[in-house]
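Quick notes on the structure that follows.
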Amino acid sequence: MVPVRLLGPRLALREFHHTPGDVDALHAVFGDPEATRYLPFEPRDPVDCADQIEQYLEEALREERTVYRLAVTRRADADDPADATPIGNAALTLGDHRSADLGYALRRDTWGNGYAGEITALLCDFAFGPLGLHRLAARVDPANGASARVLTRAGFQLEGRIRHDVRLRGTWHDSLQYSLLADEWPRPVGPGPTGG
Numbered sequence: 392m393v394p395v396r397l398l399g400p401r402l403a404l405r406e407f408h409h410t411p412g413d414v415d416a417l418h419a420v421f422g423d424p425e426a427t428r429y430l431p432f433e434p435r436d437p438v439d440c441a442d443q444i445e446q447y448l449e450e451a452l453r454e455e456r457t458v459y460r461l462a463v464t465r466r467a468d469a470d471d472p473a474d475a476t477p478i479g480n481a482a483l484t485l486g487d488h489r490s491a492d493l494g495y496a497l498r499r500d501t502w503g504n505g506y507a508g509e510i511t512a513l514l515c516d517f518a519f520g521p522l523g524l525h526r527l528a529a530r531v532d533p534a535n536g537a538s539a540r541v542l543t544r545a546g547f548q549l550e551g552r553i554r555h556d557v558r559l560r561g562t563w564h565d566s567l568q569y570s571l572l573a574d575e576w577p578r579p580v581g582p583g584p585t586g587g
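Letter by letter, the sequence shown follows residues 392 to 587 in our numbering.
This is the structure in structure tokens:
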């Protein structure tokens, strides 16, 4: 399923391009200490972001694709989402037993617009539709109330707390584990996935 393009009411999720524009856009998220505060890694420099995109493209070309790391763009920013500058990234990492972990990160100046909810809905549509998955999971830092609310509104249920799940900046951090099953997901939100 290459390339992946998911279309929602306001957003599109597409494959990253290994271009200066996409590298700069990823760095605007992954290089920002505030935007990465709840992510399981330290802020990254532009070279690391270029390397990340190269890895994303290699993962996309694998015969058995198990990771989908997609650029988040606003549909209003270009006639074709392929031409729009990313405002964040979205990810599905496939696991065993028709499951996947879901994640997303957005540029700080786009927060508060409901984009995380739309990203989550698009990933759920893709996971439970074309990918045929049965279960999605997401881990959230207990201090990240905004992401916890996004997941809860999407129907995810809190399963519990994972103690000392991530070590960052010399400190152990707990995570809250949320999950959603295919039969709990109500319906698609947008035109859906397209090829090309």
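For every residue, glycine included, the Cβ atom is placed at its ideal position computed from N, Cα and C. Bear in mind the structure is a predicted one, so any value in this text is a computation, not a measurement.
Whole angstroms is fine: what's the gap from residue i's alpha carbon to residue j's?
i    : j    : result
T597 : F432 : No statement about residue 597 is possible, as the shown extent of the chain runs from 392 to 587 and does not include it.
D556 : G536 : 17 Å
E575 : G412 : 38 Å
G505 : E455 : 33 Å
H564 : D532 : 7 Å
R526 : L542 : 14 Å
A512 : A545 : 7 Å
F421 : Q548 : 28 Å
H408 : Y495 : 18 Å
A441 : D415 : 9 Å
L452 : P394 : 9 Å
T562 : G551 : 20 Å
Q446 : P577 : 33 Å
R351 : D516 : Nothing about residue 351 can be read from this structure; the chain reaches only from 392 to 587.
G581 : D500 : Annotation note: pLDDT 48 at G581 (below 50); position unreliable, coordinate value reported separately. Approximately 24 Å, taken between the alpha carbons.
G399 : R405 : 12 Å
R554 : G503 : 29 Å
Rounded to the nearest angstrom, how far is the Cβ of residue i from that of residue j, given a contact under 8 Å?
i    : j    : result
R396 : P477 : About 13 Å separates the two Cβ atoms, so there is no contact after all.
R465 : A481 : Contact doesn't hold; Cβ gap of about 13 Å is too wide.
S566 : A528 : Incorrect: roughly 11 Å between the Cβ atoms, too far for contact.
A518 : L483 : 6 Å
Using 10 angstroms around the beta-carbon of residue i, count the other beta-carbons present and answer buried if the total reaches 16, otherwise exposed.
i    : result
I510 : buried
A467 : exposed
A507 : buried
G591 : No statement about residue 591 is possible, as the shown extent of the chain runs from 392 to 587 and does not include it.
Does the beta-carbon distance from residue i to residue j come in below 8 Å?
i    : j    : result
L485 : I444 : no
R460 : E449 : no
L402 : V463 : yes
P424 : P434 : yes
R530 : A426 : no
L524 : A573 : yes
Starting from residue i, trace the alpha helix (DSSP H) in both directions and tell me its first and last residue.
i    : result
E449 : 437-452
D516 : 506-519
L542 : 536-544
What residue range is occupied by the uninterrupted beta strand (DSSP E) comprising residue i?
i    : result
L398 : 396-398
H564 : 562-572
G479 : 479-485
H488 : Premise fails: H488 is in no beta strand (DSSP E) and is neither H nor E.
L549 : 548-559
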